[in-house]
Amino acid sequence: MRGIILLVLIGLCSSGPAWAVSHVQDEKAIRLAQVDGAEDPVPLPPANPDGSDEGVAPDEPGAPSADLPDSGQSSSQDDDMPPGDISLGEIPVIEVMELTTDIAKRALDSYLLVRTKYENADLESYENLQDFVDQNPEGQAFEADIKAAGFANVNDWNLAITTLGFAYTGVVDDQSADIQQQISELEADPELARDMKDRMIASLKAMIPSENNRKVVEELMADADYGEKLKQIDIVEE
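Throughout, the working numbering is defined as the position within the sequence shown, counted from one, plus 7.
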């Protein structure tokens with residue numbers, strides 16, 4: 008259970024945090040991740056950050072094979088240990104905010120604008136939106152569009168649209184009970200370090216919309232225009 012949550016949490020931020028709202032679909036995966044009944048092995052990250060095999064000698068014909076642990080023992084150890092050499096810093100801190108109807112509308116309108124206007128700008132190649140603004144020739148125009156929508160900077164806008172994406176998904180496909188179950192299992196895990204446990208739990212809790220944010224989403228859904236716009240967040244996929 009712990010290993011699956013770790014892998015999906017890491018995947019949540021590693022696929023391109025510049026478009027954080029596009030991870031709404033990944034959020035469903037983490038909420039529903041369960042080790043029971045899983046048929047396929049969970050892929051582990053490479054030992055080296057760049058995925059290379061540096062430092063690993065290739066097999067040579069006739070070379071004696073190393074003693075391997077019993078397959079049952081190995082499986083048990085894999086279930087109990089975090090995958091790979093995952094550090095605290097690799098677990099993303101998912102931040103959300105309390106929305107207002109005005110903020111939600113402005114965030115959504117500007118999202119739909121820049122998604123089309125900058126679809127060929129290769130946003131996902133950047134670590135964050137501010138890097139895109141600073142380093143890409145189109146970055147200044149992007150920032151100007153966001154500020155024109157009333158946001159102080161691209162990070163404030165990204166926080167708002169990400170929160171709206173999580174809240175909308177939580178309203179149309181409420182999995183709060185599943186998230187709470189995962190939180191309870193993490194809390195009961197005696198082997199997981201406290202700091203890592205706290206960060207994982209905080210990220211899971213951020214995926215449960217507050218009552219205020221639920222109301223904001225429900226208000227937008229009741230609006231004929233914004234109800235259709237919200238659906239365009241829901242269909243975004245990596």
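Just so you know, even glycine gets a beta-carbon here, dropped at the ideal spot from N, CA and C.
Is the beta carbon of residue j closer than 7 Å to that of residue i?
i	j	result
Met-214	Ile-186	yes
Leu-171	Gln-189	no
Ala-200	Ala-114	no
Tyr-175	Leu-237	yes
Thr-108	Glu-235	no
Glu-150	Val-140	yes
Val-178	Arg-221	yes
Ser-117	Ala-148	no
Ala-128	Glu-105	no
Reducing DSSP to helix, strand and coil, say where residue i ends up.
i	result
Ala-158	For the sequence presented, residue 158 should be read as Phe rather than Ala. Three-state DSSP puts Phe-158 in coil, outside helix and strand.
Asn-135	coil
Ala-229	helix
Glu-102	coil
Ala-151	helix
Asn-1	Lying outside 8 to 245, the shown extent of the chain, residue 1 is not represented and no answer is given.
Ala-167	helix
Lys-236	helix
Asp-129	coil
Asp-141	helix
Ser-81	Residue placement at Ser-81 is flagged as unreliable, the pLDDT there being 48, under the threshold of 50; a coordinate-derived value is accordingly withheld.
Which residue comes first and which comes last in the alpha helix (DSSP H) that contains residue i?
i	result
Ser-191	183-195
Tyr-118	108-124
Leu-211	201-213
If contact is defined by three or more beta carbon pairs under 8 Å, each pair taking one atom from either stretch, is the stretch 154-163 in contact with the stretch 119-138? yes
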